[in-house]
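Here's the structure, in structure tokens; my notes come after.
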Amino acid sequence: DSFTIRLIEAGRIAAELAGRGRSCRICVSIPEHPELHQDKILALQAFFARFGLPAERIELLEGAADSFAEIAACKRPGMTTIVVSHGWHLPRLMAFAGLLEVRALPAPAGLVPDSLNPGNRCRLLPTAGSLRDLECALHELGGLGEIALRRHLRRSRRR
Numbered sequence: 308d309s310f311t312i313r314l315i316e317a318g319r320i321a322a323e324l325a326g327r328g329r330s331c332r333i334c335v336s337i338p339e340h341p342e343l344h345q346d347k348i349l350a351l352q353a354f355f356a357r358f359g360l361p362a363e364r365i366e367l368l369e370g371a372a373d374s375f376a377e378i379a380a381c382k383r384p385g386m387t388t389i390v391v392s393h394g395w396h397l398p399r400l401m402a403f404a405g406l407l408e409v410r411a412l413p414a415p416a417g418l419v420p421d422s423l424n425p426g427n428r429c430r431l432l433p434t435a436g437s438l439r440d441l442e443c444a445l446h447e448l449g450g451l452g453e454i455a456l457r458r459h460l461r462r463s464r465r466r
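Residue numbers (our numbering): 308 to 466.
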């Protein structure tokens, strides 16, 4: 599944960075279930141990309301955060990282096929899949609008 693919990609990149002497953390955002918090932490630590990542470099983000809150929760001075998500979602996450001054490294995983690719012209017909693609596109455009508004408000406060 795409979540496992994203975890593997995060572990692979973190191990590569560690091999080059760069420290980083992995923040995993999972829906909140307070009674399972410790179990989830232990499972993530065991999963990332295969990549040689120390337990203290793995953080579980629960309860973040949106992507902005997730990226904000990843901000740590002097630490690189690996941002792993679908390729279509990363531009917005990286824009949030820039806005919040979070040192981040993008890592696309779980890519969604391009509906406008010449081999996928039939995906422009109204189907459940093409409606999902439209929903994703509108969601990301709305998020980019949010970033533009936050930048505008930040500039207005500085004046």
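Yeah, the Cβ is synthetic: ideal placement off N, Cα and C, and Gly gets one too.
Values in this document were obtained by computation on a predicted structure and should not be read as measured data.
Using three-state DSSP, classify ILE348 as helix, strand or coil.
Correct three-state label for ILE348: helix.
8 Å contact criterion, which ILE365 and PHE375 should meet: CB distance rounded:
Cβ atoms of ILE365 and PHE375 stay farther apart than 8 Å, at about 22 Å.
If we define contact as Cβ-Cβ less than 8 Å, is ASP346 a contact residue for chain C?
Here chain C cannot be found, since the structure has a single protein chain.
Just mark LEU314 as buried or exposed, buried being the case when its beta carbon has 16 or more other beta carbons within 10 Å.
Label assigned to LEU314: buried.
Extent of the continuous alpha helix (DSSP H) run through ALA317
Residues 309-326.
Inter-stretch contact (C-beta, 8 Å, three-pair minimum) for the segment 406-417 and the segment 373-388:
Yes, the segment 406-417 touches the segment 373-388.
Kindly provide the ranges of any beta strand (DSSP E) runs that are 3 or more residues long and lie completely inside the segment 330-386, ordered along the chain.
For the segment 330-386, whole beta strand (DSSP E) runs of length 3 or above, ordered along the chain, are 331-336, 365-368.
With 16 as the cutoff for other CB atoms within 10 Å, does ARG465 come out buried or exposed?
With fewer than 16 other Cβ atoms inside 10 Å of its own Cβ, ARG465 counts as exposed.
Whole-Å CB distance - ALA325 paired with GLY359, under 8 Å assumed:
Sure, about 7 Å apart at Cβ, within 8 Å.
In whole angstroms, give me the CA-to-CA distance for SER336 and ILE378.
So the alpha carbons of these two residues sit roughly 10 Å apart.
Given SER309 as reference, the closest of PRO341, ARG462, SER392, GLU342 once Cα atoms are compared:
When the alpha-carbon of SER309 is set against those of PRO341, ARG462, SER392, GLU342, the nearest one is in SER392.
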